[in-house]
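Beneath this line is the structure, given in structure tokens, with notes to follow.
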Amino acid sequence: MADNSYDVIIIGAGFGGSSCAGLLAKRGLKVLLLDKNANAGGKAMSLSKNGYTYTAWVVIGAPVEDNLYQQVLDELEVADLATLAIPGTQGSFYKSPDGTYSRMPEADTDHLDPEIIFNWLGIPEEHQERTLEFFTNMALMEPEDVAELEGQSFDDWLSSAELPRALYAFIVSLCCDGMFMVPVDKLDAAEAITCLQGVFVRGGGVFCEGGFGKVAEAYCEAVRRYGSEVMMGARVRRVIVEDGSVAGVETDKGQFEAPIVISNAGLQPTVLKLVGDEHFDADYAKRVRELVPSYSLIGYRYFLNKPVTDAPFGVVFSDGSPWTQQRLDEAAAGKGSREGVLYFEVPSNYDPNAAPEGKQMLMTGCFCPPDPDLSKEQLQAWASAGEEALFGVFPELEAAIENKDFYTTRNVSAATRDSVLSGVGGETIGLGQIVGQCGASKPSIEAPIEGLFFVGCDAGGVGVGTQQAIDSGIKVADAVERYHQQRNDAA
Ligand SMILES: Cc1cc2nc3c(=O)[nH]c(=O)nc-3n(C[C@H](O)[C@H](O)[C@H](O)COP(=O)(O)OP(=O)(O)OC[C@H]3O[C@@H](n4cnc5c(N)ncnc54)[C@H](O)[C@@H]3O)c2cc1C
Numbered sequence: 008m009a010d011n012s013y014d015v016i017i018i019g020a021g022f023g024g025s026s027c028a029g030l031l032a033k034r035g036l037k038v039l040l041l042d043k044n045a046n047a048g049g050k051a052m053s054l055s056k057n058g059y060t061y062t063a064w065v066v067i068g069a070p071v072e073d074n075l076y077q078q079v080l081d082e083l084e085v086a087d088l089a090t091l092a093i094p095g096t097q098g099s100f101y102k103s104p105d106g107t108y109s110r111m112p113e114a115d116t117d118h119l120d121p122e123i124i125f126n127w128l129g130i131p132e133e134h135q136e137r138t139l140e141f142f143t144n145m146a147l148m149e150p151e152d153v154a155e156l157e158g159q160s161f162d163d164w165l166s167s168a169e170l171p172r173a174l175y176a177f178i179v180s181l182c183c184d185g186m187f188m189v190p191v192d193k194l195d196a197a198e199a200i201t202c203l204q205g206v207f208v209r210g211g212g213v214f215c216e217g218g219f220g221k222v223a224e225a226y227c228e229a230v231r232r233y234g235s236e237v238m239m240g241a242r243v244r245r246v247i248v249e250d251g252s253v254a255g256v257e258t259d260k261g262q263f264e265a266p267i268v269i270s271n272a273g274l275q276p277t278v279l280k281l282v283g284d285e286h287f288d289a290d291y292a293k294r295v296r297e298l299v300p301s302y303s304l305i306g307y308r309y310f311l312n313k314p315v316t317d318a319p320f321g322v323v324f325s326d327g328s329p330w331t332q333q334r335l336d337e338a339a340a341g342k343g344s345r346e347g348v349l350y351f352e353v354p355s356n357y358d359p360n361a362a363p364e365g366k367q368m369l370m371t372g373c374f375c376p377p378d379p380d381l382s383k384e385q386l387q388a389w390a391s392a393g394e395e396a397l398f399g400v401f402p403e404l405e406a407a408i409e410n411k412d413f414y415t416t417r418n419v420s421a422a423t424r425d426s427v428l429s430g431v432g433g434e435t436i437g438l439g440q441i442v443g444q445c446g447a448s449k450p451s452i453e454a455p456i457e458g459l460f461f462v463g464c465d466a467g468g469v470g471v472g473t474q475q476a477i478d479s480g481i482k483v484a485d486a487v488e489r490y491h492q493q494r495n496d497a498a
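Take 8 as the starting number for the sequence shown in our numbering and just add one per residue.
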């Protein structure tokens, strides 16, 4: 084998690419993992500045128990390189119809306690028994019954339960909006319930000391320890296809050969740009163009001269927060309220080394279309709605601001995937977990070109953001190992 020749090349060291690379390297394949960035982690990379360390934006891991970050850290024997933080507490706020904010009371366990939630949201007693029954049925629904709901929107399914509005908003805004970043009337019911069951039973709210990027960096270190290669700062310009099969990649650091290429660069950028749609049949290319991404999360990092909260993270929502497609379209056209759910995270409240002594950094995130080319005014309009809610919850925060960073769809796209279609690229998750793109309709991990695979949130996994990407990494590693073996057997 020449020096620039590998069993597998993986484009992108996000959670999908880096977990897949680590697993394949451990199984003895000669892997080259390439990423255009200086650090691994993609959409959940770590950053540091002036004594603060943090995930680039609000990233809350779920579920907690038996989480995939740790499973793969353990399997790759690099658990010493990334320490998960599980604060076991949170600070979500409900804005009642009269405009007052009340914080969710503490529970004795890491799991959601229905009684506490009912009291907090003011659910009348006569609704409580039926509502509890609904939650219990959802949490315990058998996988085959959940699967039956594929193709139905979560909103259709949930609305049939006729829950009190505050509870509907709790499930949609506090849980679904942030977990999937798509309007509730597009969200696939089966995918949503599978993920909600995980969070209800196994808890939500896991982080990593030093930011989530440390997990992906640890996976990259495993690639090296198992004798394979990681090349950062290497942008892939083109996937080389010869006679209908992949042959390698061209990067700004040279050309590399492999009969298998796994792309974590996003399905649309891979097909439409790195490979080129001329290599695919027209129907496949059309389907790829029509795939719909998730919405984006934008917000601020507030560097504060004093702590303003003891909460490690929280969600601020009201009865009016849940996003439907119509509400999002009206808000985007400037014809409706942009007030939706707001997420916040305070890294030093789960990792004491994350901020200089006596200071605090609080990050926020709120919905926005995934377009990296939104104007400054449009971006400000979306972010201002979140800021208004934040200042309502923490009235002393504004006066404590020493510095403020604004992160937008443009930053997310630049750090992760190229924008190859108008209005797309700054999405939070990847492709949206919506009706028509989940379950049997989820894009395949195998492209219709011999040797080309996709990994990450666009294909192969189920779950919430980062863990969906790792789930894909695990499944793609299994499939590619089998494919590699079959190739060897046939040779
Ligand atoms: C603002 C924000 C908030 C989020 N909040 C949460 C949350 O609370 N909880 C949660 O679980 N998830 C959250 N997510 C989502 C989660 O981070 C992503 O879904 C997940 O990390 C995606 O992983 P991935 O492997 O699919 O791809 P990505 O993270 O997109 O990684 C792709 C990698 O490929 C590289 N790449 C792309 N093109 C090339 C190329 N041409 N050459 C070389 N390298 C290339 C990129 O540099 C990147 O490192 C959030 C994301 C954002 C942006």
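Backbone N, C-alpha and C fix where the C-beta goes; we use that ideal spot for every residue, glycine too.
Values in this document were obtained by computation on a predicted structure and should not be read as measured data.
Taking the Cα positions, Glu216 is about 31 Å away from Trp127. If you look at Ala32, you'll find it in the alpha helix (DSSP H) that goes 22 to 33. Boundaries of the beta strand (DSSP E) harbouring Ile17: 15 to 18, taken from the DSSP string. Not one heavy atom of ligand 1 sits closer than 8 Å to the Cβ of Lys411.
By the Cβ criterion, the stretch 355 to 363 is in contact with the stretch 59 to 66, since at least three pairs of Cβ atoms, one from each stretch, lie closer than 8 Å. Non-local beta-carbon contacts of Tyr13 in its own chain, meaning distances under 6 Å to residues more than five positions away in sequence, involve Lys37, Leu39, Ala265 in chain order.
Between Asn356 and Val66, the alpha-carbon positions lie close to 14 Å from each other.
A direct Cα-to-Cα measurement between Lys193 and Ala447 gives close to 16 Å. Taking a cut-off of 8 Å for Cβ pairs, the stretch 144 to 161 and the stretch 421 to 437 do not touch, as fewer than three such pairs fall below it.
Here the distance from the Cβ of Val191 to the nearest heavy atom of ligand 1 is not below 8 Å. Assigned with DSSP and collapsed to three states, Arg244 falls in strand. Membership of Asn410 in the beta strand (DSSP E) is indicated by the continuous run 408 to 414. CA-to-CA, the gap between Asp290 and Pro300 works out to about 19 Å. At a threshold of 8 Å, Gly439 does not count as near ligand 1, since its beta carbon sits no closer than that to any of the ligand's heavy atoms. With a beta-carbon spacing of about 6 Å, Val268 and Gly458 fall inside the 8 Å limit used to define contacts. Here Val208 is exposed. Its C-beta has fewer than 16 other C-beta atoms within 10 Å. A buried status is given to Arg424, since no fewer than 16 other beta-carbon atoms sit within 10 Å of its beta-carbon. If you ignore the 5 residues before and after Gly261, its C-beta comes within less than 8 Å of the C-beta of Asn11, all in its own chain and listed in chain order. Excluding its 5 nearest sequence neighbours in each direction, Tyr309 has C-beta neighbours in its own chain below 6 Å: Leu369, Ile408, Lys411, listed in chain order. Residue nearest to Gln135 within the set Ala168, Asn271, Gln333 is Ala168 (criterion: CA-CA distance). Taking the C-beta atoms as reference points, Leu298 is found nearer than 9 Å to Gln275. Distance between Phe461 and Gly327, taken at the CA atoms: about 38 Å.
Of all C-beta pairs linking the stretch 337 to 344 to the stretch 101 to 108, fewer than three are shorter than 8 Å, placing the two stretches out of contact.
Here the distance from the Cβ of Cys464 to the nearest heavy atom of ligand 1 is below 8 Å.
If you draw a straight line from the Cα of Ser252 to the Cα of Phe287, it comes to about 11 Å.
Residue pairing from DSSP places Lys102 in a beta bridge opposite Tyr108, Ser325. Distance from the CA atom of Ala466 to the CA atom of Pro376, rounded to whole angstroms, is 21 Å. Scanning its chain for C-beta atoms nearer than 6 Å, with the 5 sequence neighbours on each side dropped, one finds around Glu224 the residues Ala47, in chain order. Excluding its 5 nearest sequence neighbours in each direction, Lys280 has C-beta neighbours in its own chain below 8 Å: Asp425, Val427, listed in chain order. Pairing Gly185 with Val322, the inter-Cα distance amounts to about 9 Å. At a Cβ-Cβ threshold of 9 Å, Cys227 and Ser25 count as neighbours. Around the beta carbon of Ser270, a 10 Å sphere encloses 16 or more other beta carbons of the protein chains shown; the residue is thus reported as buried.
Separation of the CB atoms of Cys445 and Glu151 is rounded to 16 Å, and the pair is thereby denied contact status at 8 Å. Secondary structure at Arg172: helix, using DSSP grouped into helix, strand and coil. Shortest Cα-Cα distance from Phe187 to any of Leu174, Ala173, Leu203, Arg172 involves Leu203. Around the CB of Asn495, fewer than 16 other CB atoms lie within 10 Å, so the residue is classed as exposed.
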